[in-house]
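**Student:** The structure is given below, and queries will be raised subsequently.
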Amino acid sequence: MQDKYEIHYVKNGLKKVVVTNHSGMNWLEAWKTALLIDGTCAGATVGLRCIDEAMATAGASGISKVRWNKASHIVSWSERARLDEGRLLVKQIE
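All you need for this note's numbering is the position in the sequence shown, starting with 1, plus 98.
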């Protein structure tokens, strides 16, 4: 099952946040995700095996200060609809 994660990073001095789905998250995956979201070719991130390599590649692209957290407060539309099923206000028209 995939969970939602927030990836926070700084690109050339501007703070950015993206929500992504992953089966798990760690620091290396967070740096690689920031690179991918920024437009780096997926093939360039496949070979990144350690966080030092990912940080160096990200630094060359102007990306720094990457952090991540589980986005537990974000509910998808379908989950929200399912939760609201019992609370929908319906007016009967006769």
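For glycine and all other residues, C-beta sits at the position ideal for the given N, C-alpha and C.
Based on the DSSP secondary-structure assignment, which residues constitute the bridge partners of Leu112?
**Tutor:** Answer by DSSP bridge pairing, in chain order: Lys109.
**Student:** Nearest by alpha-carbon distance to Asn167: which of Gly111, Leu112, Asn124 is it?
**Tutor:** Asn167 has its Cα closest to that of Asn124, out of Gly111, Leu112, Asn124.
**Student:** Kindly indicate which residue of Val116, Ser162, Gly111 has the alpha-carbon position closest to the one of Ile149.
**Tutor:** Here the closest residue by C-alpha is Ser162.
**Student:** Tell me whether Leu112 is buried or exposed, calling it buried when 16 or more other Cβ atoms sit within 10 Å of its Cβ.
**Tutor:** By the 10 Å Cβ count, Leu112 comes out exposed.
**Student:** Among Asn110, Ser121, Lys114, which has the Cα closest to the Cα of Lys102?
**Tutor:** For Lys102, the nearest C-alpha among the options comes from Ser121.
**Student:** Quick one: what's Trp166 bridged to in DSSP?
**Tutor:** DSSP output for Trp166 lists Ile105 as bridge partner(s).
**Student:** Quick check on this structure: which residue in Met99, Ile105, Thr155 has the alpha carbon closest to the alpha carbon of Thr138?
**Tutor:** Among Met99, Ile105, Thr155, the Cα nearest to that of Thr138 is on Thr155.
**Student:** Run through DSSP, which three-state label would Thr118 get?
**Tutor:** Strand at Thr118.
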